[in-house]
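This report concerns only the one structure given below.
2 protein chains.
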Amino acid sequence: MGEFELIRRHFQRPDRALPPQVLLGVGDDCALLQPTPGHTLAISSDMLVEGRHFFADVAPHTLGHKAMAVNLSDLAAMGAKPLGFTLALALPHADEQWLTGFAQGLFALADAHACPLVGGDTTRGPLNLCITVFGELRPGEALRRSAARPGDDLYVSGQPGEARLALEWLMGAPWACSQLGNHLPAALRSRLECPLPRLALGQALVGVAHAALDLSDGLAGDLGHILSASGVGAHIDIAALPRSPALTALPEARWRDCVLCGGDDYELLFTAPVGARGAVTTAAQRSQTPVHRIGRITAEPGLFTRDAQGRTEPLQAQGFDHFKR
Amino acid sequence: MGEFELIRRHFQRPDRALPPQVLLGVGDDCALLQPTPGHTLAISSDMLVEGRHFFADVAPHTLGHKAMAVNLSDLAAMGAKPLGFTLALALPHADEQWLTGFAQGLFALADAHACPLVGGDTTRGPLNLCITVFGELRPGEALRRSAARPGDDLYVSGQPGEARLALEWLMGAPWACSQLGNHLPAALRSRLECPLPRLALGQALVGVAHAALDLSDGLAGDLGHILSASGVGAHIDIAALPRSPALTALPEARWRDCVLCGGDDYELLFTAPVGARGAVTTAAQRSQTPVHRIGRITAEPGLFTRDAQGRTEPLQAQGFDHFKR
Chain A
1260 MGEFELIRRH FQRPDRALPP QVLLGVGDDC ALLQPTPGHT LAISSDMLVE GRHFFADVAP
1320 HTLGHKAMAV NLSDLAAMGA KPLGFTLALA LPHADEQWLT GFAQGLFALA DAHACPLVGG
1380 DTTRGPLNLC ITVFGELRPG EALRRSAARP GDDLYVSGQP GEARLALEWL MGAPWACSQL
1440 GNHLPAALRS RLECPLPRLA LGQALVGVAH AALDLSDGLA GDLGHILSAS GVGAHIDIAA
1500 LPRSPALTAL PEARWRDCVL CGGDDYELLF TAPVGARGAV TTAAQRSQTP VHRIGRITAE
1560 PGLFTRDAQG RTEPLQAQGF DHFKR
Chain B
1260 MGEFELIRRH FQRPDRALPP QVLLGVGDDC ALLQPTPGHT LAISSDMLVE GRHFFADVAP
1320 HTLGHKAMAV NLSDLAAMGA KPLGFTLALA LPHADEQWLT GFAQGLFALA DAHACPLVGG
1380 DTTRGPLNLC ITVFGELRPG EALRRSAARP GDDLYVSGQP GEARLALEWL MGAPWACSQL
1440 GNHLPAALRS RLECPLPRLA LGQALVGVAH AALDLSDGLA GDLGHILSAS GVGAHIDIAA
1500 LPRSPALTAL PEARWRDCVL CGGDDYELLF TAPVGARGAV TTAAQRSQTP VHRIGRITAE
1560 PGLFTRDAQG RTEPLQAQGF DHFKR
């Protein structure tokens, strides 16, 4: 199978009508994309490398899903609506079965969010997936990292920490294996391998939230990006953090590490003014996404935890860094 | 050096004012890009892999240039004006000197075309560069592959084939070494490693040319994409093909192979109606780009060469295919 046949067979979908924003899709020098008049284009790009972002033996369907999910999650964090994506793919060889599974996982999630493939590139090389995703929103609506204000409430969606437990079990960490035994529950594996981008929540938070981002490198480290971009500090109420049933049996320090420094959560972390609490609840309900109020933005810089007794201590959490581990 | 420090040091440019179309650049979940009202977004993505698209020992400055050039060339082929680009980069390790050179080569060309970096990703892995580039044009102006019409003249810019000779010399092909001796002329090396995207020509051809594409896989193979997309055929006048002084001493068959099947040319191949010959000349002059009229589009399918005596024969040329070699 040649390069063009590979693209035609797995990535061109003549049976699908292209949505109206795609004036020209796969097959020319460029794709042509038309955002809604008055809207701005939101763009994000993520590269996934074997051995860094996924295991060599991961199911191709799962990998297709995750590659799409981490990109859509960036649109979610901005409050943007998906328009389309490009896929650049380096493959060691053209494996029919692998490509079929990968394309199924990729398109199942992309289709669910009406996000068509508009172009890309295919080459031979060590397995590497680079997706660039496009969304749209009105210019003033974007949920920027720099928009947190002192006094804002701090929120997180879903159950951060579960993906970390699954990862540690897969990597054979003794504490994770003694916690879970010989079997990784499917729901927990799914939290690591098939995260669901919080697009509905992100769009529902437009006009409600101030700052937002998606959790990829750990809650505490990612929160640090909001704090430095906004020139503020925060405290996190430990008692208010969501307690996933899967994590409750962990020792407290291990639990905290999973929730605050886990990574791979793809939940939304956002701030909103106190007066918007009702609107946040409505956004959570409309998007059918659990949301937890976990702390407060402060004028004083620094990141602190606060326990049930009101004692605060500084939180020194490091997010994941590809060039430090 | 950590990931964020790497990005800050080499790819953030606080000294540069972002152009007005970039509402938000590097550092948030998404970049925000605002095309001119009434314009459409043109998008192209290219992935470059060590050992496939470049030699492991290529100068990083050269690699930065080429990665940018091949993407801008896709905008040129559409007639689009650059707006910005994202860069996803997998690196085996964070090498300061390499990154400095790479960024210099990349930004020198990007700056020359007012094309700012708006976002991207950095990770550890086998060296892989994925650039996605964005341009704009009015929806009806795009130079599509499907727009060739029977009777159109066929044109090519520059000197296709020179890059192939340089590549063969670098790979030690005996015929190339006997042609050039022990020294690869700088101008020839530059044609392979530092191609100049024909953006000015592409934009000047808007409203003049019918179909266009940029030559990456060889003139004959790439022309095949225009022919199949447009449902037409073509003949190429061998005597009209540009004869680069660097290639004139080659045997005729070898010369033809370089010019028609060379690859890596990044010249524009385009069609235009006979009535537009004057306008094509004007576009070539305005953009200071040499352009050669090399053949004709025909209603009958098939690709033929025609010699000085008017004899035609079918041309069976295969473009480069990453999964066939």
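So the sequences go chain by chain: A and B. Residue numbering for the first sequence follows the working numbering, beginning at 1260 and increasing consecutively. Residue numbering for the second sequence follows the working numbering, beginning at 1260 and increasing consecutively. C-beta: ideal position from N, C-alpha, C; glycine also.
For A/R1267 and A/T1381, the gap between their C-alpha atoms comes out near 11 Å. Residues of the same chain with a CB within less than 6 Å of the CB of B/P1319, apart from the 5 flanking positions on each side, are W1357, G1360 and F1361 in chain order. DSSP lists B/T1391 as the beta-bridge partner residues of B/S1304.
For A/R1404, the neighbours in chain B by C-beta distance under 9 Å run, in chain order, G1286, D1287 and D1288.
The beta carbons of A/G1417 and A/T1548 sit closer together than 9 Å. Residues of the segment 1463 to 1497 of chain A with a C-beta atom less than 9 Å from some C-beta of chain B are A1471, L1472, D1473, H1484 and A1488, listed in chain order. Look at the segment 1545 to 1560 of chain A: it has no residue with a C-beta under 8 Å from a C-beta of chain B. Here B/R1397 is exposed: its Cβ has fewer than 16 other Cβ atoms, across all protein chains shown, within 10 Å. If you check each beta-carbon in the segment 1395 to 1422 of chain B against every beta-carbon of chain A, the ones closer than 9 Å belong to L1396, P1398, A1401, L1402, R1403, R1404 and S1405.
Under the criterion of beta carbons closer than 8 Å, A/A1543 and A/V1467 do not qualify as touching, at roughly 10 Å. Contact with chain B is found for A/R1311, since one of that chain's Cβ atoms lies less than 9 Å from the residue's Cβ.
DSSP places A/G1561 in the uninterrupted beta strand (DSSP E) bounded by G1561 to R1565. Chain-order list of chain A residues neighbouring B/A1339: C1289, by C-beta distance under 7 Å. With a threshold of 9 Å between beta carbons, B/T1540 makes no contact with chain A. For B/N1330, the CB contacts under 7 Å within the same chain, skipping 5 residues up- and downstream, are S1303, D1305, F1344, I1390 and V1392 in chain order. The C-beta distance from A/A1401 to A/A1301 rounds to 7 Å, short enough to meet the 8 Å contact threshold. Under DSSP, A/I1495 shares a beta bridge with A/G1554 and A/T1564. DSSP, reduced to helix, strand and coil, places B/A1471 within a strand of the structure shown. When secondary structure is reduced to three states using DSSP, B/V1465 falls in the coil class, being assigned neither helix nor strand. Residues Y1414, S1416 and A1543 of the same chain have their beta carbon placed closer than 6 Å to that of A/V1550, with the five preceding and five following residues left out of the count. Three or more Cβ pairs closer than 8 Å define a contact, and the segment 1452 to 1468 of chain B meets that threshold against the segment 1518 to 1533 of chain B. Contact annotation: B/G1492 and B/E1559 have beta-carbon atoms nearer than 9 Å.
Per DSSP, B/P1573 lies in no alpha helix (DSSP H) segment; the continuous beta strand (DSSP E) that holds it begins and ends at T1571 to P1573. Contact check between the segment 1455 to 1464 of chain B and the segment 1552 to 1571 of chain B: fewer than three CB pairs, one atom from each, fall below 8 Å, which does not count as touching.
DSSP, read as helix, strand or coil, puts B/P1341 in strand. Residue B/G1480 holds the alpha-carbon nearest to the alpha-carbon of B/G1561 among B/G1480, B/L1350, B/H1312 and B/S1546. B/L1350 and A/N1387 have their alpha carbons spaced roughly 12 Å apart. Against chain A, the beta carbon of B/R1268 has no neighbour under 8 Å; the closest one sits roughly 12 Å away.
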